[in-house]
Amino acid sequence: LDLSVKIMLLLMTYCGYLIQHYPIFQMIWPLMRRCVDRAPKCLSWTANYTLRYATVILSFLLAISIPNLEEIIPIIGVTTGMLLAFVFPAVIESVVFWEQWRKRGCFVLIPNIILNIIYTLLGILFLVIGVHANIVSMTTSKNV
C-alpha cells in the first residue's frame, strides 16, 4: 500500500506540474512561432520542445535558488487563496451584473453591492491577518 501511494503521488505531481506550465507555454509560443514559421519543420519542433524544457528547468532553478521557499509558500498561498475565494469573485460579480441590478432597482442593487463589499473587505482582512501570521512565524522561527 505504501508503494502504491508513493507512485500515485509521483504521478499526480508529475502530471500536475506539466499542466501548470501549459498556460505559460500557450502565452509564449505564439511569439516564438512567428520566428520559426518559415523554418523547416524539425527546427519548429526543436524550438517548441526547447521552450517547454526551458520553462520547466527555469522553474526548478528558481525553486532551488530560493533558500527559504518552504517559508514563502504559505504567504503566497494565503494571498492567492483569499484573493481567489473572496475578493475576485465579489469584484467580478459586481462588474458583470451591475447593469442588471441597476435596471431592477435599488432593492436589488444596494444589497448585492453591500454583500460584495463585505466579501471584499473580509477577503482583504483575512489576507492581511494571514500574511501577518506567516511573517511572524518566519521571524520567530529564525530567532529560536
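This note's numbering puts the sequence shown at residues 3 to 146.
By construction, the Cβ of each residue, glycine as well, lies at the ideal position given by its N, Cα and C atoms.
- In this structure, the alpha-carbon of A135 lies about 12 Å from that of S143.
- Between V89 and G125, the C-beta spacing is below 8 Å.
- Membership of L64 in the alpha helix (DSSP H) is indicated by the continuous run 43-67.
- Contact between the region 98-107 and the region 56-64 is absent, with fewer than three C-beta pairs closer than 8 Å.
- Judged by DSSP secondary structure, L12 falls within the alpha helix (DSSP H) whose first and last residues are 4-38.
- Measuring C-alpha to C-alpha distances from N118 to each of S96, F109, L127, R104 identifies S96 as the nearest.
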